[in-house]
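Chains as they are written, first to last, in our numbering: chain L, 10 to 784; chain D, 1046 to 1207; chain U, 607 to 688. Below: the structure, in structure tokens.
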């Protein structure tokens, strides 16, 4: 392992926006008010599946304060995908801003624009809609069967790349990736595991509700300020939906109150755009919390089937994973989340007979989209639990089963080509991959072997231990691109203009640190401005765990170009040649020891001689997606009288290359694991028989609060990724994947009962005890 | 419209409020943007302000009932040049990621530290249990509160003084 | 050389031919380019043949390369999105 000494990288530097946020500055979308601003409210469908037979807006339009009421008749019918993905999007173009059909309870029906929120809200009630109710499809297991209601029966939905898409059968996507001969190898295996698991639909619950604001600038260009993770995709897709050129649209992302994937879709932007284009005035729409739960986005619910075949010595000979994914009423992110189920599981294993298949189906349920983990979360549940079951059958430690079967760093991973992301000639390779180290360190620090060998408790309170491995990626190879622009100022400071999107994870800070390291200055000397499609160069946005790795590469490349120019100017000032000077501690130093400061270089270049702006703009794509990895270990205590699970201790051993900012890294993995624990233990959506969400509020949709005791220990295992900026990989998502399988395995260890679906609420645990009996 | 007389961050103001208007909406339209709309139902705490010194969910307080009372928002605690020790501690402890829960968390912490200079972890958890955070997992927020308490004690100041 | 030639196309990953298959064997005019071959077999307009990686014997082919008789090519889809 390389030992690197850094000056700005690897320091817990304070966030560049910390003081603004700590002092409550008005920096979020809803904090901006523009004189003359109107408010928009969306009328949402009360039915899960219906045609709009008629819609009368006269009364609503006459109500006090109302300036416009917009329905499907007032906007051009243009199919888009709301998925914030690179073009051409691998999601179906199946969304119309307003349609004459509704496909889930909460789907958009009409938009009222009025001078106050209250006036808009009152006018919603005056819109008269006649629905022809259709039979809703609410069970994904029925979606692909003959006779199921057809969610998308319109003629003009389509995919724009050659992938399977059969909306008449509710099929959004199909994945089929295999290497070797899985069926043969499975049949020939001495030990065989064959199980079905289920991941439930859940909510991101970012504390900031979605909010967008649109206005026409003095030259009549549409400007959208939005809480979005993907400003460039917003620009392109809104331009398309409104049928205006991209050059007539500007998108700005201010501070964001969390996203977690819920803002990696075009949610409110087309509506404020339509409202502003219609009225000529600024329009703001902010979702209520109920709207966020119902009508923003959710995690894809999935039913997964796993088969593992192994030999008596623990060698895995075959892995066959299938996922039936419920993408809800629209297909955004359907295919790619499904692909990720296979990618963040099978890729871990050095097994030559593996298969991943998936069917992604429509239902008349809320729209599933991107959610931290993005299929990796759903895939690791059956995988880590099947490994655990295999280990139990073999009388082995599951950590040992994993160590025996996972790939080594630098390994070839042929199944990646079959799964699609980052296909390349020959077999793709994984660079740094220290999952084995995570398993060993985590196991040791947790006291895993001792706890695993412990005699089982009897009586009311029973303890159990469980573990799970997990991986994610760092950006999407060949497809995603990031860029940065740096210019130098007279005082030796620099402006760093980034397309990259800080959604609270601190990317502005991390990227400033990378620039500072390269330019040998303090992070404080880097002034960051980001996520404005007019002023910052292109970046796909904050998803796929890309900002540290991919945007970081772009920043480093740009800073290196700027460094070259600095050396050229410094050499001129020192009357020597550029190859005889170096940049160190904010000075250009000649071989004879003479030096000039960056302040002198800046002033000289702007004012004194051969003046030019020292600046560069560089971009980066990646050829790989180096996976951050982790191993999680949990000890729980189950109260067999109440079914309540108490987390006694939790340890996560994580490796993500060089942590550019250890404090922010720690923050990311903590937030992810607590979200994962919340998903595993308490979060759930409850729908009625007609597809209406019954608990769209924090009273009945629980997430963890400060009183939930979760004793979590985090260890960063050292690793270094050659292709990453200063050895970094990304880390934003990976740890959300661990808690559900680790706890399911711990429940088995405690009670002898396998639970195949979460949340592991007291009722579900008691139900499982009643049905299966404890061992 | 109902006329009220209210003190906001020490400034006496005469304002007109709508009957069903919340204190949150009043504050935000009066230029105090630090209390946030997070749920509108008093469950997430992003709208927390101090009303006569006690933390309340301002989305559930009718603005009209704030007549004659004192409201404190985060804006009063410190500014970019001179942040309050609690704000400084939050920054130093890595307690701020997206920052949306931060105003509520800091005011809830202040209300605690105004009463108890050396709170236990349990007391900190209780004081913040009305403030949801989805980014941090809470651990660094607890560190921030403990750090603030320690620094306030060391400097001999109570949280009350600026 | 004139007239037609046979080209074998193996679709990998989530790519499928319009009829649903993964292996296609087509008769195409001699000297057709990779892009034209794909447009015809996948029934997509040529300008939408993007993000496809085409290889022959492990070597990457640009979309403009003219194919020869009995070409066996593999086509991968480069997906992005999450």
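Where is the CB? At the ideal position from N, CA and C, for every residue including glycine.
Contact with chain L by residue i, beta-carbon distance below 8 angstroms
i: residue 619/U; result: yes
i: residue 684/U; result: yes
i: residue 1185/D; result: yes
i: residue 1181/D; result: yes
i: residue 648/U; result: yes
i: residue 622/U; result: yes
i: residue 1078/D; result: yes
Residue environment, residue i, which counts as buried when at least 16 other CB atoms sit within 10 Å
i: residue 320/L; result: exposed
i: residue 607/U; result: Unreliable placement is indicated for residue 607/U, whose pLDDT of 48 sits below 50; no coordinate value is reported for it.
i: residue 378/L; result: buried
i: residue 10/L; result: For residue 10/L, the predicted model reports a pLDDT of 44, less than 50, meaning its position is unreliable; a value from the coordinates is still stated below. Exposed, because fewer than 16 other Cβ atoms sit within 10 Å of the Cβ of residue 10/L.
i: residue 664/U; result: exposed
i: residue 594/L; result: exposed
i: residue 674/U; result: exposed
i: residue 610/U; result: exposed
i: residue 1199/D; result: exposed
i: residue 246/L; result: buried
i: residue 1078/D; result: buried
i: residue 365/L; result: buried
Run of the alpha helix (DSSP H) containing residue i, from where it starts to where it stops
i: residue 641/U; result: 640–648
i: residue 280/L; result: 278–288
i: residue 1078/D; result: Per DSSP, residue 1078/D belongs to no alpha helix (DSSP H) and is neither H nor E.
i: residue 58/L; result: Element bounds for residue 58/L: n/a, residue is neither H nor E.
i: residue 250/L; result: 240–251
i: residue 236/L; result: First-last for residue 236/L: undefined, no H or E at that position.
i: residue 299/L; result: 298–304
Distance cut-off 7 angstroms: residue i Cβ against heavy atoms of the ligand ATP
i: residue 180/L; result: With respect to small molecules bound, the structure shown includes none, and the ligand ATP cannot be examined in it.
Proximity below 8 angstroms, CB of residue i to CB of residue j
i: residue 1098/D; j: residue 1089/D; result: no
i: residue 278/L; j: residue 307/L; result: no
i: residue 149/L; j: residue 54/L; result: no
i: residue 104/L; j: residue 90/L; result: yes
i: residue 370/L; j: residue 152/L; result: yes
i: residue 641/L; j: residue 764/L; result: no
i: residue 629/L; j: residue 572/L; result: no
i: residue 510/L; j: residue 550/L; result: yes
i: residue 99/L; j: residue 336/L; result: no
i: residue 1156/D; j: residue 1172/D; result: yes
i: residue 298/L; j: residue 1085/D; result: yes
CB contact below 8 angstroms: residue i versus chain D
i: residue 214/L; result: yes
i: residue 485/L; result: no
i: residue 790/L; result: Nothing about residue 790/L can be reported from this structure: the residues present for chain L run from 10 to 784 only.
i: residue 148/L; result: no
When the options are compared against residue i, the one with the closest alpha-carbon
i: residue 657/L; options: 722/L, 199/L, 373/L; result: 722/L
i: residue 155/L; options: 470/L, 179/L, 276/L, 223/L; result: 179/L
i: residue 680/U; options: 610/U, 631/U, 625/U; result: 631/U
i: residue 685/L; options: 217/L, 269/L, 164/L; result: 269/L
i: residue 256/L; options: 243/L, 262/L, 560/L; result: 243/L
i: residue 44/L; options: 226/L, 191/L, 357/L, 167/L; result: 226/L
i: residue 1120/D; options: 1113/D, 1139/D, 1109/D, 1129/D; result: 1129/D
i: residue 732/L; options: 600/L, 557/L, 743/L; result: 557/L
i: residue 437/L; options: 447/L, 33/L, 423/L; result: 423/L
Min CB distance residue i to chain U below 8 angstroms
i: residue 519/L; result: no
i: residue 172/L; result: yes
i: residue 427/L; result: yes
i: residue 344/L; result: yes
i: residue 350/L; result: no
i: residue 5/L; result: It is not possible to answer for residue 5/L, since the shown part of chain L is limited to 10 through 784.
i: residue 181/L; result: no
Residue i: first and last residue of the uninterrupted beta strand (DSSP E) it sits in
i: residue 642/L; result: 638–648
i: residue 478/L; result: 470–480
i: residue 724/L; result: 721–725
is_contact[residue i, chain C] using C-beta, thresh 8 angstroms
i: residue 1147/D; result: Looking at the structure shown, chain C is missing, and the protein chains on hand are L, D and U.
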